[in-house]
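Student: I'd like to ask some things about the structure below.
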Ligand SMILES: [Zn+2]
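Residue numbers (our numbering): 9 to 256.
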């Protein structure tokens, strides 16, 4: 009994499986690229939100500081007046010390204010940069969304077609042979190999003469002892297929 119809069915199945794998990989890649951009956008939104909150907090602190500075400047004025009303040197010295201390506190607070202003300016600049990056990404995503969705939908359609093609091919393969095929395919990616001159076409292992002789008879499949792929004999002529002229 010849195994030629089984070889043809298995080879067709293997070629559909290769196409399916390529399609699935492309789909996964496309989906991951989309998800990557979406999560980058979400990350930028989150950082912007945090940046804006932090600016608001700093501005509240700045308003408090401004209030303090106004109060302190009133105190400094009062202290100056007190100094001008002093009647003896002892009073004047004490008032002078108080005035100096108040002025120093005022200067310290002023420096706090300058630092805070610097931080607010920096945070605003960072927020502007982030906002620009975010807007660019959002418009890039918006512009490519239709393209990506179209490509995804097309790939899904092809995938469905290939999957039903595959189901039809599976019916043509002997059940036990198909189980072996699936077992090897899941481990190796591909499950079928041939030999023409005594080596496995997939792993290039030299086959035992007895195995080669058995395959040469063409009435049963073998298994490569090295990569475990399903093996069959393919004559030299078919090793370099020129499908257009040979199919007849
Ligand atoms: Zn092999």
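Idealized CB from N, CA, C, for every residue including glycine.
Would you mind listing the alpha helix (DSSP H) stretches within the segment 184–217 that are 4+ residues and don't spill past its ends, in chain order?
Tutor: none
Student: On a CA-only basis, which of 78, 51, 69, 17 is nearest residue 143? Give me that one, please.
Tutor: 51
Student: Can you tell me whether residue 172 is buried or exposed? The criterion is at least 16 other CB atoms within 10 Å of its CB, across all chains shown.
Tutor: Residue 172 comes out exposed.
Student: May I ask you to check if the CB of residue 237 is nearer than 7 Å to at least one heavy atom of ligand 1?
Tutor: yes
Student: So which of 116, 145, 100, 11 has the shortest CA-CA distance to residue 46?
Tutor: 145
Student: Looking at the secondary structure, which residues open and close the alpha helix (DSSP H) in which residue 128 lies?
Tutor: 97–180
Student: Is it the case that the CB of residue 199 approaches a heavy atom of ligand 1 more closely than 7 Å?
Tutor: no
Student: Return helix, strand or coil for residue 241, following the three-state DSSP convention.
Tutor: DSSP places residue 241 in the strand class (E or B) of the three-state scheme.
Student: For the alpha helix (DSSP H) containing residue 33, list its first residue and its last residue.
Tutor: 12–92
Student: Going by the C-beta, is residue 22 closer than 7 Å to any heavy atom of ligand 1?
Tutor: no
Student: Roughly how far, in whole angstroms, is the beta-carbon of residue 84 from the beta-carbon of residue 111, given that I think they are within contact range, below 8 Å?
Tutor: 6 Å
Student: Candidates 203, 57, 183, 241: which alpha carbon is nearest residue 131's?
Tutor: Closest by alpha carbon: 57.
Student: State yes or no: is the C-beta of residue 224 within less than 8 Å of the C-beta of residue 239?
Tutor: no
Student: Closest to residue 210 by CA distance: which of 190, 216, 126, 232 is it?
Tutor: 232
Student: Skipping 5 residues on each side, what residues in its chain have a beta carbon closer than 7 Å to that of residue 246?
Tutor: The predicted position of residue 246 is uncertain, since its pLDDT is 49 and thus under 50; no value can be drawn from it.
Student: Does ligand 1 have a heavy atom nearer than 7 Å to the CB of residue 213?
Tutor: yes
Student: Assuming the contact rule is C-beta atoms closer than 8 Å, residue 174 and residue 28 should be a hit. Round their C-beta distance to whole Å, please.
Tutor: Indeed, because the Cβ distance is near 7 Å, the residues count as touching under 8 Å.
Student: Whose CA, out of 136, 23, 213, lies closest to the CA of residue 234?
Tutor: Closest option to residue 234, Cα to Cα, is 213.
Student: Within this structure, are the beta carbons of residue 226 and residue 10 separated by less than 8 Å?
Tutor: yes
Student: Using alpha carbons as the reference points, say which of 31, 13, 25 lies closest to residue 160.
Tutor: 31
Student: Is the segment 54–72 in contact with the segment 91–103, if contact means three or more CB pairs nearer than 8 Å?
Tutor: no
Student: Going by beta carbon distance, what residues of the same chain come within less than 7 Å of residue 193, once the five residues before and after it are set aside?
Tutor: 25, 199
Student: Could you pull the DSSP bridge partners for residue 226 from this structure?
Tutor: DSSP, once it has assigned bridges, lists no residue as partnering residue 226.
Student: Report the residue from 237, 149, 206, 218 whose alpha carbon sits nearest the alpha carbon of residue 244.
Tutor: Looking at the Cα atoms, 206 is the closest of the given residues.
Student: Mind checking if residue 162 is an interface residue toward chain B, Cβ cutoff 8 Å exclusive?
Tutor: In the structure shown, chain B cannot be found, because there is only a single protein chain.
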